[in-house]
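Student: My structure is below; once you've seen it, I'll send some questions.
Number of protein chains: 2
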Amino acid sequence: MTSTPTGTPMGARPDEVRRHNRTVLLRRLHVGGPCTRASLAAELGLNRSTIKALVDGLAESGVVEERVPRQRSGAGRPSLLVLPQAHAAVVLAVDVRVDQVAIALVGLGGEILGRNSWNLRVRTREPEEVVTHVVDSAIVLAADIGVTMVAGGVSVPGVVRRSDGLVHEAPNLHWTDVPLGDRLMSVFDMPVVVGNDAELGALAEHLRGAARGSSDAVYVSADVGVGGGVISDGSALRGTAGYVGELGHMMVNPAGRPCYCGSRGCWETEVGEPALCRALGLREGAPRGAVVAELRSLAESPEEVRERLAVFTEWLTVGLVNVVNVLGPELVVLGDLFTALPASLISDVAQEVRRRSLVSRAVGGTRIEASTLGGDSTLLGAAELAFEPVLDAV
Amino acid sequence: MTSTPTGTPMGARPDEVRRHNRTVLLRRLHVGGPCTRASLAAELGLNRSTIKALVDGLAESGVVEERVPRQRSGAGRPSLLVLPQAHAAVVLAVDVRVDQVAIALVGLGGEILGRNSWNLRVRTREPEEVVTHVVDSAIVLAADIGVTMVAGGVSVPGVVRRSDGLVHEAPNLHWTDVPLGDRLMSVFDMPVVVGNDAELGALAEHLRGAARGSSDAVYVSADVGVGGGVISDGSALRGTAGYVGELGHMMVNPAGRPCYCGSRGCWETEVGEPALCRALGLREGAPRGAVVAELRSLAESPEEVRERLAVFTEWLTVGLVNVVNVLGPELVVLGDLFTALPASLISDVAQEVRRRSLVSRAVGGTRIEASTLGGDSTLLGAAELAFEPVLDAV
Numbered sequence: 008m009t010s011t012p013t014g015t016p017m018g019a020r021p022d023e024v025r026r027h028n029r030t031v032l033l034r035r036l037h038v039g040g041p042c043t044r045a046s047l048a049a050e051l052g053l054n055r056s057t058i059k060a061l062v063d064g065l066a067e068s069g070v071v072e073e074r075v076p077r078q079r080s081g082a083g084r085p086s087l088l089v090l091p092q093a094h095a096a097v098v099l100a101v102d103v104r105v106d107q108v109a110i111a112l113v114g115l116g117g118e119i120l121g122r123n124s125w126n127l128r129v130r131t132r133e134p135e136e137v138v139t140h141v142v143d144s145a146i147v148l149a150a151d152i153g154v155t156m157v158a159g160g161v162s163v164p165g166v167v168r169r170s171d172g173l174v175h176e177a178p179n180l181h182w183t184d185v186p187l188g189d190r191l192m193s194v195f196d197m198p199v200v201v202g203n204d205a206e207l208g209a210l211a212e213h214l215r216g217a218a219r220g221s222s223d224a225v226y227v228s229a230d231v232g233v234g235g236g237v238i239s240d241g242s243a244l245r246g247t248a249g250y251v252g253e254l255g256h257m258m259v260n261p262a263g264r265p266c267y268c269g270s271r272g273c274w275e276t277e278v279g280e281p282a283l284c285r286a287l288g289l290r291e292g293a294p295r296g297a298v299v300a301e302l303r304s305l306a307e308s309p310e311e312v313r314e315r316l317a318v319f320t321e322w323l324t325v326g327l328v329n330v331v332n333v334l335g336p337e338l339v340v341l342g343d344l345f346t347a348l349p350a351s352l353i354s355d356v357a358q359e360v361r362r363r364s365l366v367s368r369a370v371g372g373t374r375i376e377a378s379t380l381g382g383d384s385t386l387l388g389a390a391e392l393a394f395e396p397v398l399d400a401v
Numbered sequence: 008m009t010s011t012p013t014g015t016p017m018g019a020r021p022d023e024v025r026r027h028n029r030t031v032l033l034r035r036l037h038v039g040g041p042c043t044r045a046s047l048a049a050e051l052g053l054n055r056s057t058i059k060a061l062v063d064g065l066a067e068s069g070v071v072e073e074r075v076p077r078q079r080s081g082a083g084r085p086s087l088l089v090l091p092q093a094h095a096a097v098v099l100a101v102d103v104r105v106d107q108v109a110i111a112l113v114g115l116g117g118e119i120l121g122r123n124s125w126n127l128r129v130r131t132r133e134p135e136e137v138v139t140h141v142v143d144s145a146i147v148l149a150a151d152i153g154v155t156m157v158a159g160g161v162s163v164p165g166v167v168r169r170s171d172g173l174v175h176e177a178p179n180l181h182w183t184d185v186p187l188g189d190r191l192m193s194v195f196d197m198p199v200v201v202g203n204d205a206e207l208g209a210l211a212e213h214l215r216g217a218a219r220g221s222s223d224a225v226y227v228s229a230d231v232g233v234g235g236g237v238i239s240d241g242s243a244l245r246g247t248a249g250y251v252g253e254l255g256h257m258m259v260n261p262a263g264r265p266c267y268c269g270s271r272g273c274w275e276t277e278v279g280e281p282a283l284c285r286a287l288g289l290r291e292g293a294p295r296g297a298v299v300a301e302l303r304s305l306a307e308s309p310e311e312v313r314e315r316l317a318v319f320t321e322w323l324t325v326g327l328v329n330v331v332n333v334l335g336p337e338l339v340v341l342g343d344l345f346t347a348l349p350a351s352l353i354s355d356v357a358q359e360v361r362r363r364s365l366v367s368r369a370v371g372g373t374r375i376e377a378s379t380l381g382g383d384s385t386l387l388g389a390a391e392l393a394f395e396p397v398l399d400a401v
């Protein structure tokens, strides 16, 4: 039995029930894509007349459209296909990285309607200028496409307080106590939520990527830094006061280089982008394109991969053994720069993790796979953050 | 609004409401101890007539007793103090360790009514013999005290499947696929739940120990092995399929000794009991009493602690930095053998973790403290596991 904190069961008025069912239906269409009325009824456990009333209401306000499906099943009247309409609710997604900022306008259903990005090596990383450029670009992009933004979500590589979007510390950006959420909300006059990049990457992979259907998964990604987000029992794991942990700052190498965080030999210093550059014989800070090109050319020779990237591979393995032993996931998704790693390297690492991890063996072998969303995980995760309140209100 | 999976709101019949409120009240008394009727009404948000009816019912069946409190507050009629009656529901708690098995009969309210333990260096660790001896001892103990056991909870240092109490792997016991829960249930003819020792230690510290009131805490304990349990947002964190992670098998020292788990330099090999024995100049496998005595005599000289235990202290620090960075807790409770560490060592470690951990600084300084339950954390956690279904049914 469910109840309010007072111990008495909660009542539910008919309009609340309708509203709740509407949100559930809309979330299903937004995350799962087009679906027939019949399947919606079955999946959501609602009867067909309830589905019809809800869909009719949503169609009237232009949030969904109905079509006769192309492929008919059976002889009876075909069940209509319900499609979410991207333009019915458009959110702004912002992905602040160490080297670039990307923005996108994302429609209901998750489609990217337009995007823009700029390099932070050319422009400054100074918070106020980043805010100004995000605002200008978003307004131009929305006008170009002819849509109105209803909410915003922002991904930042740092420690973020969810309640008001304060970026407590984003070390690789050299940001401290930046009130990013408040600033964007006051300019845009719409809800804007700020989250940690790794947490949002995990959210996107869970809803739309490689971790779809996995209730216990970890997303580990490399940009300049290394971060990780954790889905535990179907929800994002968050530390005290909403601060997520920093997987990149596990110490894996006691004899490693000092890290800006105050420790040394952190996983990030051993397998982040600068470490990968060193392993590949490129200068630290080489353009991402050059790193990816070098990895592509290597990929054709698994033997050469094993030889030249042996040390990098070992540290990647050690960190993943720790992640699997501590968190016990069924799946680890490698994101961002890690998606450019040769398939043979990922497969070697997966095999070695299974060999060395007690927990991997106990759960029948934790899978280790590259992200299917590539560099867009965090951007799409930021969009989902923005959509959360929107789906209640559309 | 809450709802069933079918999307329709749940109804609640009056007898369900009463039953639910009764469980909430009983849980409050069991965990929080004696309380006046007036405070119960305020804490649980129920009106006084509801509390009176519930308490009268429980008093009639002997589950609680009411007394006039000794100290009267104010001039009016004093609110009666409601006390849980230990004998109204007695559970069997079993703590299987590497070197000993302890059993206890624990009454409603958490009081240990009687206990017994035996050394596994003398008796065999063979699962069937452990089961036989647990059964015999429990029956004798229950008869001695004159109580009937209504449920059991068992703590095991290994990977356990909660659904049926299968011990998948308990490496330090050399147990593999032992159907411990099923065996005990069939002998006792009562519900018996089996859990991982670290998870149960964390549960006990959260309900009755140092982590009371902390919603994000980690319990790390050392016996022969090192394990950890995590309370995240007020609940136990569990990996895929209910397997908890193994904090003791984070690799902290790439140059460390091989571990039975297939990795090397695991946290457990660097800070478990054998490592502590080596650090103290005792032979590995020295009796626990000798280890504790040596630590006590050292404790008087913090300088000598720093000198002789420098390496041990460093590995303890490194592992704790990783735990804090990955999980973001507000508090880490050190349990079991770690409670015997000199206070100066724990204080040095706490300070160093704060210095080296980005996440500790972000959350305002993760506290690191010794357990207040000492060696009883896991035993009391096993009792709480047993009480979970009992509180619904008393």
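For the record, the sequence lines run as chains A and B.
According to my numbering, the first sequence is numbered sequentially starting from 8.
According to my numbering, the second sequence is numbered sequentially starting from 8.
Even for Gly, the Cβ is constructed at its ideal location relative to N, Cα and C.
1) For A:L387 and A:F394, what's the separation of their Cα atoms in angstroms?
2) Which residue wins for smallest C-alpha separation from A:L338, given the options A:V401, A:R35 and A:V328?
3) Taking only runs of the beta strand (DSSP E) that begin and end inside the stretch 228 to 299 of chain A, which ones reach a length of at least 3 residues, in chain order?
4) Using three-state DSSP, classify B:S222 as helix, strand or coil.
5) Against chain B, with Cβ distances strictly below 8 Å, would A:H256 count as a contact?
6) Taking the alpha carbon of B:A158 as the point to measure from, which residue in B:H181, B:H94, B:M192 and B:V129 has its own alpha carbon closest?
7) Hey, could you find the ends of the beta strand (DSSP E) A:D106 is sitting in?
8) Judging by CA-CA distance, which residue of B:A145, B:N203, B:I152 and B:V194 is the nearest neighbour of B:L173?
9) Under 8 Å, CB to CB, which of the residues in the stretch 173 to 191 of chain A have a partner in chain B?
10) Leaving out five residues before and five after A:V70 in sequence, what residues of the same chain have Cβ atoms less than 8 Å from its Cβ?
11) How long is the line joining the alpha carbons of B:V161 and B:T30, rounded to whole angstroms?
12) Could you name the residues of the stretch 322 to 347 of chain A whose beta carbon sits closer than 7 Å to any beta carbon of chain B, in the order they occur along the chain?
13) Within 8 Å (strictly less), CB to CB, does B:P396 reach chain A?
14) Assuming the contact rule is C-beta atoms closer than 8 Å, A:R122 and A:D106 should be a hit. Round their C-beta distance to whole Å, please.
15) Is the Cβ of A:R303 closer than 8 Å to any Cβ of chain B?
16) Measure from the alpha carbon of B:S367 to the alpha carbon of each residue in B:P186, B:E307, B:L334 and B:L207, then state which is nearest.
17) Quick one: what's B:V185 bridged to in DSSP?
18) Would B:N203 pass as an interface residue toward chain A - the criterion being a Cβ-Cβ separation below 8 Å?
19) What three-state label does DSSP hand B:E395 in the structure shown?
20) What does A:A369 touch in chain B if you count any residue whose Cβ is under 7 Å from its own?
21) Got a sec? Which residues, its chain only, sit under 8 Å from A:R290 by beta carbon, not counting five neighbours each side?
22) Roughly how many angstroms separate the alpha carbons of A:T373 and A:Y267, rounded to a whole number?
23) When you compare the CB of A:L387 with every CB in chain B, is at least one pair closer than 8 Å?
24) I need the straight-line Cα distance from A:A377 to A:H27, nearest angstrom please.
25) I need the straight-line Cα distance from A:A150 to A:M156, nearest angstrom please.
26) Name the two residues that bound the continuous alpha helix (DSSP H) containing B:A211.
27) Going by DSSP, what residue range makes up the beta strand (DSSP E) through A:S378?
28) Considering only their Cβ atoms, is the gap separating B:R104 from B:H181 smaller than 8 Å?
29) What does the alpha-carbon distance come out to for the pair A:D196 and A:G269?
30) Spatial neighbours of B:L323 within its chain, please: CB distance less than 6 Å, with the 5 preceding and 5 following residues excluded, ordered by chain position.
31) Please confirm whether B:L380 has its beta-carbon closer than 8 Å to some beta-carbon of chain A.
32) Tell me the rounded alpha-carbon separation between B:S221 and A:P396.
33) Go to B:V161, then tell me how far its beta strand (DSSP E) extends in each direction, as first and last residue.
34) In whole angstroms, what separates the C-alpha of B:I119 from that of A:P41?
35) Mind checking who A:W125 pairs with in its DSSP beta bridge?
36) Please return the same chain residues whose Cβ sits closer than 7 Å to the Cβ of A:T379, not counting the five positions on each side in sequence.
Tutor: On the basis of the data shown:
1) 10 Å
2) A:V328
3) 233 to 239
4) coil
5) yes
6) B:M192
7) Per DSSP, A:D106 belongs to no beta strand (DSSP E) and is neither H nor E.
8) B:N203
9) H175, E176 and P178
10) L33, P91, Q92, A95, A96, L115 and V401
11) 23 Å
12) V325, V328, N329, N332, V333, L334, G335, P336 and E337
13) no
14) The Cβ separation is near 17 Å, so there is no contact.
15) no
16) B:L334
17) B:V174
18) no
19) helix
20) V166, H175, E176 and Y250
21) C284
22) 31 Å
23) no
24) 36 Å
25) 10 Å
26) D204 to R215
27) Premise fails: A:S378 is in no beta strand (DSSP E) and is neither H nor E.
28) no
29) 39 Å
30) V278 and V356
31) no
32) 29 Å
33) M156 to V163
34) 59 Å
35) A:V108
36) G216 and A217
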